[in-house]
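Below is one structure, written out as structure tokens; comments come after it.
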Amino acid sequence: MTVSISAPIVLPPSEAELLSTVPTGLLINGQWQDASDGGTFDVHDPATGEVLATLASATSEDAVAALDAADAVQASWARTAPRARAEILRRAFDLVTERAEDFALLMTLEMGKPLAEARGEVTYGAEFLRWFSEEAVRDYGRYLTTPEGKNKILVQHKPVGPCLLITPWNFPLAMATRKVAPAVAAGCTMVLKPAKLTPLTAQLFAQTMLDAGLPAGVLNVVSSASASGISGPLLQDSRLRKVSFTGSTPVGKRLMADAAHNVLRTSMELGGNAPFIVFDDADLDKAVEGAMAAKMRNMGEACTAANRFLVQESVAEEFTRRFAEAMGSLTTGRGTEPATQVGPLIDAGARDEVHALVSAAVGAGAVAETGGGPVDGPGYFYQPTVLGNVPNNADILRQEIFGPVAPVTTFDTDEDAIRLANASEYGLASYLYSRDFNRLLRVAEQIEFGMVGFNAGVISNAAAPFGGVKQSGLGREGGSEGIAEYTTTQYIGLSDPYTN
Ligand code: NAD
């Protein structure tokens, strides 16, 4: 493994200049402003530990002021022509694309991912703006005759109302656009609370939405050091009509319980524990390539990250050898350096949790085929690791690893693979490798996952319905399903003009 780390004490001019363009206040009713108590919090570079920026930290009062603003414009925003909302989203797509290098560098600085991956996230994240600009004008209702022929049924979709959107730190742009774009398309107003570890991208994105012509009050942003200080009062406020959350399952459960108070609509994109199943007839070159993508995107800090490599006995040794070789050749370093393929983990706690899982697995008999420990120095780096011979009941196969660690375990028959894959409370992404399409379909029918990749290590796309089953969540983001999360159905019964 190669390590290339430099820890600048003074940020290079291009980075400092970019950071100086990021709004540091709260966005309430179209104005960037200080927190009501003047409070602030720092945002750090996980590759160096340096402070990148200091942002206003919203209080509960600020959260309520943001909801005041969202509520005040909800009715007029709902009446805005769908085409007008679509064109704002399309301009936002163009602006994010024009500013792609700024967004990419900002994500690399605050989150740590390599620049090439950050550029990929800008493309992916921007696509939600373009996709929902196209969906905004295609929200169809229906008109039909009742079965007995006496009356008519009219069905229309209306915006659900003001929404609280809470996003995680791992995909700072895409997790925001995946919620904001369908909400704008549907005619909802919003209070967005980005993760406190990576709020800078969302701050710049919100300014970009204003630049694209979004009216004041439609999108309000309350970055804060206290997440529950924001969600607490808003979930108790009857003007809020929906909460859309992406993050961990324990926090999602808590928010669902709190959302019960006002019987809110909820969309929950929670944790995952993706199986990556390699059958004996798989193309092993493709399987290793897919394994690298499914495991190492975002350093393994992704809800879709392959977490359990289930490999059929007869190809396990060969697959593990090739996979370990590929993982061991990766270059770890600060994401801004061109050679870097693996950035730091988000913080010291994340790195230590990953190492605790690896140590416990090795203690239970697993073998580190490559990697196996943290990297010394500034920043929270962990070696790309492949663990062979992992016992089927090891903790590392049950928990979200959220790091560059791939545990490999074996199976005998297809039925074993299905049973092992389903032995999880999660059901988000899954990956299957085989040359036999019928075999893939047969397995897909029987595994309990919201998303299945056939011979593909990357499956996220703005046009596809992203989401999970079981404790991975409720609802879908993207696809034609994405906008439905932000609308409510109204039925109007009409007496038939001819028969009544
Ligand atoms: P997290 O649950 O700790 O935090 C997510 C967001 O919730 C952050 O904005 C955080 O500030 C906020 N939050 C935390 N506690 C809160 C509370 N009590 N009330 C209100 N808000 C609160 O998750 P994370 O560490 O930021 O993200 C990693 C997790 O997110 C992983 O479990 C990952 O699988 C999941 N994730 C899921 C998807 C998906 O689409 N299913 C996508 C990305 C990440």
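To convert a position in the sequence shown, counted from 1, into this note's numbering, add 23.
Each residue gets a CB set at the ideal place from its N, CA and C atoms; glycine is no exception.
Fair warning: this is a prediction, and the values are worked out from it, not measured in the lab.
Endpoints, beta strand (DSSP E) assigned at residue i
{"i": "Asp-65", "result": "63–67"}
{"i": "Met-474", "result": "474–477"}
{"i": "Phe-434", "result": "428–434"}
{"i": "Ile-51", "result": "49–51"}
{"i": "Phe-299", "result": "297–301"}
Per-residue DSSP class, three states only, for residue i
{"i": "Asn-174", "result": "strand"}
{"i": "Leu-223", "result": "helix"}
{"i": "Leu-42", "result": "helix"}
{"i": "Ala-248", "result": "coil"}
{"i": "Phe-268", "result": "strand"}
{"i": "Gln-18", "result": "For residue 18 there is no data in the structure shown, the boundaries of the chain being 24 and 523."}
{"i": "Met-346", "result": "The residue asked about is misnamed: residue 346 is Phe in this sequence, not Met. It is helical."}
{"i": "Val-413", "result": "coil"}
{"i": "Gly-501", "result": "coil"}
{"i": "Gly-351", "result": "helix"}
{"i": "Ser-261", "result": "coil"}
{"i": "Glu-292", "result": "strand"}
{"i": "Ala-70", "result": "coil"}
{"i": "Thr-601", "result": "Residue 601 is absent from the structure shown; the chain starts at 24 and stops at 523."}
{"i": "Ala-487", "result": "coil"}
{"i": "Thr-169", "result": "coil"}
{"i": "Glu-525", "result": "Past the edges of the chain, shown from 24 to 523, lies residue 525, and the structure says nothing about it."}
Extent of the continuous alpha helix (DSSP H) run through residue i
{"i": "Leu-128", "result": "123–134"}
{"i": "Tyr-147", "result": "138–158"}
{"i": "Pro-205", "result": "197–209"}
{"i": "Met-319", "result": "307–319"}
{"i": "Ile-441", "result": "437–445"}
{"i": "Glu-376", "result": "371–386"}
{"i": "Ser-99", "result": "83–102"}
Backbone CA spacing between residue i and residue j [nearest angstrom]
{"i": "Pro-361", "j": "Val-311", "result": "24 Å"}
{"i": "Tyr-449", "j": "Ser-457", "result": "23 Å"}
{"i": "Ile-515", "j": "Ile-176", "result": "6 Å"}
{"i": "Thr-510", "j": "Ser-337", "result": "50 Å"}
{"i": "Thr-212", "j": "Cys-186", "result": "6 Å"}
{"i": "Thr-354", "j": "Pro-182", "result": "47 Å"}
{"i": "Thr-269", "j": "Ala-339", "result": "34 Å"}
{"i": "Ile-32", "j": "Ala-371", "result": "Its pLDDT being 47, under 50, Ile-32 is placed unreliably in this model, and the value from its coordinates should be taken loosely. Going from the Cα of Ile-32 to the Cα of Ala-371 covers about 19 Å."}
{"i": "Leu-188", "j": "Ala-199", "result": "8 Å"}
{"i": "Thr-224", "j": "Leu-196", "result": "6 Å"}
{"i": "Gly-351", "j": "Thr-363", "result": "14 Å"}
{"i": "Pro-222", "j": "Leu-128", "result": "14 Å"}
{"i": "Gly-400", "j": "Ala-101", "result": "52 Å"}
{"i": "Leu-132", "j": "Pro-205", "result": "27 Å"}
{"i": "Pro-69", "j": "Thr-512", "result": "44 Å"}
{"i": "Met-471", "j": "Asp-57", "result": "Met is not the amino acid found at residue 471; the sequence shown has Glu there. C-alpha separation (whole angstroms): 46 Å."}
{"i": "Thr-120", "j": "Arg-153", "result": "11 Å"}
{"i": "Ala-115", "j": "Met-232", "result": "6 Å"}
{"i": "Leu-75", "j": "Asp-65", "result": "7 Å"}
{"i": "Glu-504", "j": "Val-398", "result": "42 Å"}
{"i": "Ile-51", "j": "Ala-89", "result": "5 Å"}
{"i": "Lys-265", "j": "Ser-453", "result": "29 Å"}
Proximity test, Cβ basis, 8 Å: residue i and chain C
{"i": "Ala-417", "result": "In the structure shown, chain C does not exist; there is a single protein chain."}
Residues bridged to residue i (per DSSP)
{"i": "Pro-182", "result": "Thr-510"}
{"i": "Val-492", "result": "Gly-450"}
{"i": "Val-286", "result": "None; Val-286 has no bridge partner."}
{"i": "Pro-397", "result": "Tyr-405"}
{"i": "Trp-55", "result": "Leu-50"}
{"i": "Ala-516", "result": "For the record, residue 516 in the displayed sequence is Gly; it is not Ala. Bridge partners of Gly-516: Ile-176."}
{"i": "Ile-189", "result": "Lys-216 and Phe-268"}
{"i": "Ala-329", "result": "Ala-297"}
Meets three-Cβ-pair contact criterion under 8 Å: the region 156–170 and the region 390–405: no
Stretch pair the region 409–421 + the region 340–347: three plus CB contacts closer than 8 Å: Yes: at least three Cβ pairs fall under 8 Å.
Cβ pair count under 8 Å reaching 3, the region 80–89 against the region 232–251: yes
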